[in-house]
């Protein structure tokens, strides 16, 4: 969490750098205290699911596992 709202600066910058480097098969996700409107805006830019405090570790792990299965070829 970054309570200053820096998530609105940091995530878009990281997404832009990832796109610049062709990292389309890399998941950027995160979590913490992020307002719902900000979460939706960040996800529309390409950020993966953002998790609220207290989210079960199993839920996060399942999301990442499912994302990898559908976005990566091994």
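In the numbering used here, the protein residues as written are 518 to 591. We put the CB at the ideal spot given by N, CA and C, even for glycine.
Just to check my reading of the structure: residue 532 and residue 544 have Cβ atoms closer than 8 Å, yes? What is that Cβ distance to the nearest angstrom?
About 11 Å separates the two Cβ atoms, so there is no contact after all.
State the DSSP-derived secondary structure class of residue 568, mapped to helix, strand or coil.
Correct three-state label for residue 568: strand.
Could you pull the DSSP bridge partners for residue 549 from this structure?
For residue 549, which the question treats as bridged, DSSP gives no partner whatsoever.
Please state whether DSSP places residue 531 in a helix, a strand or coil.
Helix.
With residue 585 and residue 528 assumed to form a contact (beta carbons below 8 Å), what rounded beta-carbon distance in angstroms separates them?
So it is not a contact: roughly 20 Å between Cβ atoms.
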